[in-house]
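A.B. asks: Below is the structure I would like to discuss, written out as structure tokens.
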Amino acid sequence: MSRTLETKTEAVLARELGADRGRRPIGGRPRRAGLLKFGYWWWALPGILFVIAIHYVSTGVGGFFAFTDWTGIGAFEWIGFDNFVAIFQDPSKVGALVNTLFLAFASVILSTVVGMGLALGLNRGLKSRYVLRVLFFMPVVLSPLAVSYIWKFIFDFNGPINVVLRALGLGEFAKAWVADPVWAIWTILIVIVWQNTGFAMVIYLAGLAAVPVEMEEAAAIDGAGVWQRFWHIVLPSIRPAVAIATTLGLVNGLRVFDQIMALTGGGPASATETLATQVYKESFALGNFGYGAALALLLTVIILVFAVVQQRVTQGRPEEN
Amino acid sequence: MFRYTRLTALRESLFWVLAIVFLAPFYFLLMTALKSDQEVITSSALAPPSSPDFSNFSDVVTASGNSNVLLGLVNSVLITAGSIALLVLLGSLTGYVIARSTRRWSRAVYYLFLVAIVLPTQLGTVPLYIGARSIGLTGSVLGMIILYTGMLLPLSIFLYAGFFRGLGTEYEEAATIDGASRTQVFFRVVLPLMSPATGTVAILAGLIVWNDFFTSLIFLGGSANQTLPVAMYYYIGSLVSSWNKIFAIVVVSMIPILAFYLFAQKRFIQGFAGGLKG
Amino acid sequence: MTQHRTIALRRGAMIAIPVVGALVLAGCSGSGDASSTSGGESTEFSFTFATSNNLESPYETLANDYMEANPGVKITTNPTPNDKYGETIRTQLQAGNASDVIQTTPGSGDARGIIPLAEAGFLEPLGDTAKDLIPAGSESIFEIDDKVYGQPLDFTIGSVVASLGTAEMNGIDGWPTTMDELNDACSALAGDGKSLLALAGAAGPNAGLTAQAISATRVYAEDPDWNQKRADGDVTFADSDGWKATLQTIIDLKDQGCFQQGSEGAGFDAITNGLAQGTSVGSFIPSGAAIEISKAAPPEAKFAVEPFPADDDGKAFILASSNYTLSINAASKAKDAASDFLEWMASSDAQQRYYELSGELPVSAYQDMDLTGTIYEPIVDLLASESYTPLPNNIWPNPSVYDALQVGVQGLLTGQKTVDQVLQDMDAAWGE
Numbered sequence: 003m004s005r006t007l008e009t010k011t012e013a014v015l016a017r018e019l020g021a022d023r024g025r026r027p028i029g030g031r032p033r034r035a036g037l038l039k040f041g042y043w044w045w046a047l048p049g050i051l052f053v054i055a056i057h058y059v060s061t062g063v064g065g066f067f068a069f070t071d072w073t074g075i076g077a078f079e080w081i082g083f084d085n086f087v088a089i090f091q092d093p094s095k096v097g098a099l100v101n102t103l104f105l106a107f108a109s110v111i112l113s114t115v116v117g118m119g120l121a122l123g124l125n126r127g128l129k130s131r132y133v134l135r136v137l138f139f140m141p142v143v144l145s146p147l148a149v150s151y152i153w154k155f156i157f158d159f160n161g162p163i164n165v166v167l168r169a170l171g172l173g174e175f176a177k178a179w180v181a182d183p184v185w186a187i188w189t190i191l192i193v194i195v196w197q198n199t200g201f202a203m204v205i206y207l208a209g210l211a212a213v214p215v216e217m218e219e220a221a222a223i224d225g226a227g228v229w230q231r232f233w234h235i236v237l238p239s240i241r242p243a244v245a246i247a248t249t250l251g252l253v254n255g256l257r258v259f260d261q262i263m264a265l266t267g268g269g270p271a272s273a274t275e276t277l278a279t280q281v282y283k284e285s286f287a288l289g290n291f292g293y294g295a296a297l298a299l300l301l302t303v304i305i306l307v308f309a310v311v312q313q314r315v316t317q318g319r320p321e322e323n
Numbered sequence: 510m511f512r513y514t515r516l517t518a519l520r521e522s523l524f525w526v527l528a529i530v531f532l533a534p535f536y537f538l539l540m541t542a543l544k545s546d547q548e549v550i551t552s553s554a555l556a557p558p559s560s561p562d563f564s565n566f567s568d569v570v571t572a573s574g575n576s577n578v579l580l581g582l583v584n585s586v587l588i589t590a591g592s593i594a595l596l597v598l599l600g601s602l603t604g605y606v607i608a609r610s611t612r613r614w615s616r617a618v619y620y621l622f623l624v625a626i627v628l629p630t631q632l633g634t635v636p637l638y639i640g641a642r643s644i645g646l647t648g649s650v651l652g653m654i655i656l657y658t659g660m661l662l663p664l665s666i667f668l669y670a671g672f673f674r675g676l677g678t679e680y681e682e683a684a685t686i687d688g689a690s691r692t693q694v695f696f697r698v699v700l701p702l703m704s705p706a707t708g709t710v711a712i713l714a715g716l717i718v719w720n721d722f723f724t725s726l727i728f729l730g731g732s733a734n735q736t737l738p739v740a741m742y743y744y745i746g747s748l749v750s751s752w753n754k755i756f757a758i759v760v761v762s763m764i765p766i767l768a769f770y771l772f773a774q775k776r777f778i779q780g781f782a783g784g785l786k787g
Numbered sequence: 118m119t120q121h122r123t124i125a126l127r128r129g130a131m132i133a134i135p136v137v138g139a140l141v142l143a144g145c146s147g148s149g150d151a152s153s154t155s156g157g158e159s160t161e162f163s164f165t166f167a168t169s170n171n172l173e174s175p176y177e178t179l180a181n182d183y184m185e186a187n188p189g190v191k192i193t194t195n196p197t198p199n200d201k202y203g204e205t206i207r208t209q210l211q212a213g214n215a216s217d218v219i220q221t222t223p224g225s226g227d228a229r230g231i232i233p234l235a236e237a238g239f240l241e242p243l244g245d246t247a248k249d250l251i252p253a254g255s256e257s258i259f260e261i262d263d264k265v266y267g268q269p270l271d272f273t274i275g276s277v278v279a280s281l282g283t284a285e286m287n288g289i290d291g292w293p294t295t296m297d298e299l300n301d302a303c304s305a306l307a308g309d310g311k312s313l314l315a316l317a318g319a320a321g322p323n324a325g326l327t328a329q330a331i332s333a334t335r336v337y338a339e340d341p342d343w344n345q346k347r348a349d350g351d352v353t354f355a356d357s358d359g360w361k362a363t364l365q366t367i368i369d370l371k372d373q374g375c376f377q378q379g380s381e382g383a384g385f386d387a388i389t390n391g392l393a394q395g396t397s398v399g400s401f402i403p404s405g406a407a408i409e410i411s412k413a414a415p416p417e418a419k420f421a422v423e424p425f426p427a428d429d430d431g432k433a434f435i436l437a438s439s440n441y442t443l444s445i446n447a448a449s450k451a452k453d454a455a456s457d458f459l460e461w462m463a464s465s466d467a468q469q470r471y472y473e474l475s476g477e478l479p480v481s482a483y484q485d486m487d488l489t490g491t492i493y494e495p496i497v498d499l500l501a502s503e504s505y506t507p508l509p510n511n512i513w514p515n516p517s518v519y520d521a522l523q524v525g526v527q528g529l530l531t532g533q534k535t536v537d538q539v540l541q542d543m544d545a546a547w548g549e
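Protein chains in written order, with this note's numbering: chain A, 3 to 323; chain B, 510 to 787; chain C, 118 to 549.
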């Protein structure tokens, strides 16, 4: 499910940024008021009704329960903001919030750095760059559930990582990675970054394709070094791509779910719980539906805030003219 | 300028080493899936099987009931294809109206869809289930198609609206002068021009539907119409599971999508990057 | 341009074909559904139960047996994965499309517990057959206002399942009966890279069962009514010496090397593999699981259900209770057929068959059974002297208390939590 959301946002926010660029010249044109010149307005009706019913009505009903003590079955009572008070008084929920933010930001930074490195390396020059792109992108198409099973084996106590460590005489570092209070969250981070890097790479490659070769060559002739060329020519040109990839990563990172459930289940002792896993656990496993709904509402608000901030940042950004 | 130098060759080999490390999980996946029950416990996790044992795969393919992967495969294909078709139809129509309308409500509707995309689904799952059940949509392939269409429609509409915005009105005007009706203009002229958008919608939405696990687990629960990820989940039992069996079904579940990806890799990568252009 | 259009048109055709196919097929399955639900014949009903693996469930076999014995009856089984079971049946009950017969658990300590489901009006009261099966003293977790909502099936022992064969091969003469013997055995085995106990520390239910099975000797042997006192507010977890000793024992076991290496991150596969391979002697698992594991182990493994040693001055005590019940959906349209099935499930034939299939003792018949030579032999005397207590978490008021214990045990293993913290968390989860 979280994968659903992830990919959804990726595309949409990318689109949103792209649309911003495309919209500008249209906005400059005088707008014709009045009826649609092409198509009929009612063509949009099925789509709008569909989205309102499946997204807004169901979420609205769910959001209502955030202010109740519903257990998921039977009767319930309106309890106002009690659930929200309880969230902020519970250290494990605050810990989940911290983990959520850590995973979101750390996965963005790592995916950006690695994805950018891959994109720059595979942009031009290499004979096998197309094959390599295909290989690095491969994890993106796989289901997070299947991928998590593979990584669980890799991090297993008798798995490949520990086998290698023992073979190198570093046996004392071998550990149950997914159950280590310090390392568990990093294993999740690695899996997320492994699956997202290919996507970041593709976004940056698309951005890099827009950088004129002539400009780079001119700069090279003027004696600009590799780093200078990257900093002054490449980076400004692909800034929209960077904005997209980082914002997407952030919003997606806030919702990570499948990987955690499959790898650690939120353990050891809640060390890797996030808001998304807590929502699931409270609403379904523990039968505190109202409390879980309150957590979900909190997560929704956090994500919407990030989405709005992103909108403001990108719209206020000077265009590349 | 970009001559192939010794440095480039070095860079090329470096990236291949990186790629091999990056794809090492697939090595473990395949090697372990080919080990026998005995060997998977006794041999090193790094070692290849002494002799490939394909019985794990035959076990997977012949599993029946809820973990019938072949049935799951058929259901996944039907659900994915049906959802893509509806998403293309409804998404393009709605996106077109929103992009071409200059009225204020179209801007409001646009944001309605933007917000729908970031809403976490946990909040709506139970109400949605109750609603779907009351109109008889749970447990059937058709119900899942309708559900996924509704869930991914904002994405589809967004992509189409963006692409339509980038398209000038010249084609429509020309076709209108030629006497085509509005419906004809849309289906004969505009939609065919949108094939990059359609490709992006099909690939993004298709992947999401194909890989989705939680929605189908809940909404198809208790029916015979399991999807591939759910069949995989059922198959991987908790008590008697061993890695060779788990990995055999993971391999089987990955084959269709990986084959499709490698066959149409260019479209896939373009589809993902497609959200960026416009 | 022309080329552009041709490609687009071809794509249109490609999409159109699967759609038609999908709609046709969906239409078929849709109508199939309709006939099975709206038929409303009383001889046809559905049955949902939890499965944890891909072997055929005992429930599946029993349902088939019943259909064979009663031609004309049709049972539609819905095996549901164990870790999503609670949320699935709750969602379905709420939506009104749950099966006619549902597997539940006694009490309210689980999302599938009878009491909260019955209080919400989702379960149908059952008849005298079910009532007669309820173990004396356990009424509160099966009944509300004298009405029974779940028919018990099993009599599950929660203790150590050990391979006496493995113990023998490693020079351990029989299962340790005192903590000193146990510690010696742990050290001896750890020296050989093996372990006395296999623990799936990352699997909440195993961590939780381990703690509860130990608590039988440290808490409930001395004070069988401890849960009632906790409910009355007379005691708390944090102030209980027994609970402190229970959790401290887990830490001691870990420090003594009684658990296998990496136990804090292990899943159930570590138990299956450890016991089947002979790298671990025993594990805290439900008695019925021994049947499954013994299928993977060599015949000389000789599994037995053994009590965990008590403290120096304590007495042997185990967990034994009915943990699986069957309930009837209050919204069912086939209540008569469903109650006939439950009636049959209580018959001695069905109970005997259940024992053969699941390895769990049947709730009604176990007292009359000769258990000599079975895995249950070592605990026959304890059962006879009623030295057992029901699974505590079934009696606790909500699932969060047991969750706090499960999470807490893992925290103890990794050093993230102290004994006092875990017990405070459990008190907090209990509520007032």
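Beta carbons are placed, not taken as given, at the ideal position from N, Cα and C, and that holds for glycine.
1) In the region 621 to 647 of chain B, which residues sit with their C-beta less than 8 angstroms from some C-beta in chain A, listed in chain order?
2) To the nearest angstrom, report how far apart residue 126/A and residue 570/B are at their CA atoms.
3) On the DSSP letters alone, give me the boundaries of the beta strand (DSSP E) that residue 192/C sits inside.
4) Mind listing which residues of the region 535 to 567 of chain B have their C-beta closer than 7 angstroms to chain C's C-betas, in chain order?
5) What residue range is occupied by the uninterrupted alpha helix (DSSP H) comprising residue 565/B?
6) Smallest Cα separation from residue 321/C: which of 530/C, 537/C and 548/C?
7) Check the C-beta distance from residue 269/C over to residue 243/C and give it rounded, since I have them as a contact under 8 angstroms.
8) Are residue 631/B and residue 293/A closer than 9 angstroms when you measure CB to CB?
9) Using 8 angstroms as the Cβ pair cut-off and three pairs as the minimum, do the region 123 to 139 of chain A and the region 522 to 541 of chain B touch?
10) What span of residues does the beta strand (DSSP E) with residue 240/A cover, start to end?
11) Identify whether residue 528/C lies in helix, strand or coil by the three-state DSSP scheme.
12) For residue 751/B, go through chain C and note every residue whose CB falls closer than 8 angstroms to its CB, in chain order.
13) Any C-beta of chain C sitting closer than 9 angstroms to the C-beta of residue 73/A?
14) Can you tell me which of 482/C, 454/C, 174/C and 448/C puts its alpha carbon nearest to the alpha carbon of residue 464/C?
15) Assuming residue 679/B is part of the alpha helix (DSSP H), what are its boundary residues?
16) Does residue 525/C get closer than 9 angstroms to chain A when you measure Cβ to Cβ?
17) If you run the structure through DSSP and keep just helix, strand and coil, what is residue 446/C?
18) Using a cut-off of 9 angstroms between C-beta atoms, extract the partners of residue 738/B located in chain A.
19) Would you mind sorting residue 234/A into buried or exposed? The rule is 16 or more other CB atoms within 10 Å of its CB.
20) Would you verify that the beta carbon of residue 310/A is, or is not, closer than 9 angstroms to some beta carbon of chain C?
21) Kindly indicate which residue of 177/C, 184/C, 168/C and 166/C has the alpha-carbon position closest to the one of residue 160/C.
22) If we cut at 9 angstroms on Cβ distances, does residue 726/B have a partner in chain C?
23) Closer than 9 angstroms, Cβ to Cβ, to anything on chain C: give me those residues from the region 174 to 192 of chain A, in chain order.
24) Does the count of Cβ pairs from the region 125 to 144 of chain A and the region 349 to 364 of chain C closer than 8 angstroms reach three?
25) Taking residue 698/B as part of the beta strand (DSSP E), name the residues at either end of that continuous run.
26) Beta strand (DSSP E) containing residue 168/C: first to last residue?
27) Is the region 87 to 100 of chain A close to the region 209 to 226 of chain A, with three or more CB pairs under 8 angstroms?
28) Just curious, the beta strand (DSSP E) that residue 68/A is in, first and last residue?
29) Which of the residues in the region 205 to 217 of chain C, read from start to end, lie with their CB under 7 angstroms from any CB of chain A?
30) Could you say which of 188/A, 112/A, 89/A and 308/A lies nearest to residue 153/A if we only look at CA atoms?
31) To which residues of the same chain is residue 124/C closer than 8 angstroms at the C-beta, ignoring the five residues directly before and after it?
32) To which residues does DSSP link residue 80/A through a beta bridge?
33) Residues bridged to residue 265/C by DSSP?
34) When DSSP labels each residue in this structure, what does residue 279/C get in the three-state scheme?
C.D. replies: In short, the structure shows the following:
1) 621, 622, 623, 624, 625, 626, 627, 628, 629, 630, 631, 632, 633, 634, 635, 636, 637 and 640
2) Straight-line Cα distance between these residues: approximately 43 angstroms.
3) 191 to 198
4) 550
5) 564 to 571
6) 530/C
7) Going by Cβ atoms, the distance from residue 269/C to residue 243/C rounds to 11 angstroms, so no, they are not a contact pair.
8) no
9) yes
10) Premise fails: residue 240/A is in no beta strand (DSSP E) and is neither H nor E.
11) helix
12) 386, 389 and 390
13) yes
14) 482/C
15) Run containing residue 679/B: 679 to 686, per the alpha helix (DSSP H) assignment.
16) Look at residue 525/C: its C-beta is under 9 angstroms from a C-beta on chain A.
17) For residue 446/C, the secondary structure class from DSSP, reduced to helix, strand or coil, is strand.
18) Result: 145, 147 and 148.
19) exposed
20) False, the Cβ-Cβ gap to chain C never drops below 9 angstroms.
21) 184/C
22) yes
23) 176, 177, 178, 179, 180, 181, 182, 183 and 186
24) no
25) No beta strand (DSSP E) contains residue 698/B, which DSSP labels as neither H nor E.
26) 161 to 168
27) Fewer than three beta-carbon pairs drawn from the region 87 to 100 of chain A and the region 209 to 226 of chain A are found closer than 8 angstroms, and the two stretches are therefore not classed as touching.
28) From DSSP, residue 68/A is part of no beta strand (DSSP E); its letter is neither H nor E.
29) So the close ones are 207, 210 and 211.
30) 188/A
31) The predicted position of residue 124/C is uncertain, since its pLDDT is 37 and thus under 50; no value can be drawn from it.
32) 70/A
33) DSSP output for residue 265/C lists 243/C and 260/C as bridge partner(s).
34) Under the three-state reduction of DSSP output, residue 279/C falls in the strand class.
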